[in-house]
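Per the UniProt record's numbering: the sequence shown = residues 1 to 186. All residues carry an ideal CB built from backbone N, CA and C; glycine is no exception. Predicted, not measured: the structure shown is a model, and the values here were computed from it. Reading through the structure tokens given below for one structure.
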Amino acid sequence: MVSSSPEASGPGQSASPSSSTPNAPAVPGLWRRMACWLYEGMLLFAVVFVSGWLFSTLGQMRDAMDERRHLLQAFLFVVFGVYFVWFWAKGQTLAMKTWNIRIVDRHGRPVTQGRALARYLLSWIWFLPPLAAIAPFKLSGGESTVLIFGWVAIWALLARFHPERQFWHDAWAGTRLITSKPMSRQ
């Protein structure tokens, strides 16, 4: 049986190749982070459904092609922002709790609301390039889906080139994803 203690790693080596110090919390693997991301998307379906329904009902929108659909998109952008900033400032979203992932700043401290907002805005790099290409090239639904999933896969794989295997929007926002047991209720 191989020991996973820092002493068993040998001199000058850390216990985890993805951490900068031997005592640093482990970075969740790419597959686990992507599974959490997909689960988050399923949970957000409910948030989008309720928010869209409220906006459409209160705004008396009659159909999806209403000229106010851009207001709905802006409203949902704000709703997502509130959702993520709120939960990230608390340390975890529900999906992150399920997958035992927590967000901290570079120094391992809880994330402030300002830093969570920066992470939210930078996280749109996952979607903006393909979305910007869809309209000018008049891509079909299938082509758009392939483009979005292709870009997401490329962006996720680029984390392999980060020294700590973090996503680049996390590095730019000064945040880190770490493996953690779910936080206790307070």
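(message) Just to confirm the assignment, what range does the alpha helix (DSSP H) spanning V152 have?
(response) Start and end: G141 to L157.
(request) List the whole-angstrom C-beta distance separating R165 from A159, where the pair is believed to meet the contact cut-off of C-beta under 8 Å. (result) 6 Å
(message) Does T112 come out as helix, strand or coil in the three-state DSSP assignment?
(response) coil
(request) Look at W99 and C36 and say whether their C-beta atoms are less than 8 Å apart. (result) yes
(message) Quick check on R109: buried or exposed, where buried means 16 or more other Cβ atoms within 10 Å of its Cβ?
(response) exposed
(request) Below 8 Å on the Cβ atoms is my guess for R119 versus H162; work out the distance and round it to an integer in Å. (result) About 15 Å separates the two Cβ atoms, so there is no contact after all.
(message) Between the alpha carbons of V111 and A95, how many angstroms are there, rounded?
(response) The straight-line gap from Cα to Cα measures roughly 17 Å.
(request) In angstroms with no decimal places, state the Cα-to-Cα distance between D105 and R69. (result) 36 Å
(message) I need the boundaries of the alpha helix (DSSP H) containing R69, first residue and last residue.
(response) Going by DSSP, R69 is part of the alpha helix (DSSP H) stretching over R69 to K90.
(request) Provide the residue(s) that pair with R33 in DSSP beta bridges, ordered along the chain. (result) Bridge partners of R33: none, in fact.
(request) Using alpha carbons as the reference points, say which of I101, G91, S180 and F87 lies closest to M34. (result) When C-alpha distances from M34 are compared across I101, G91, S180 and F87, the shortest belongs to I101.
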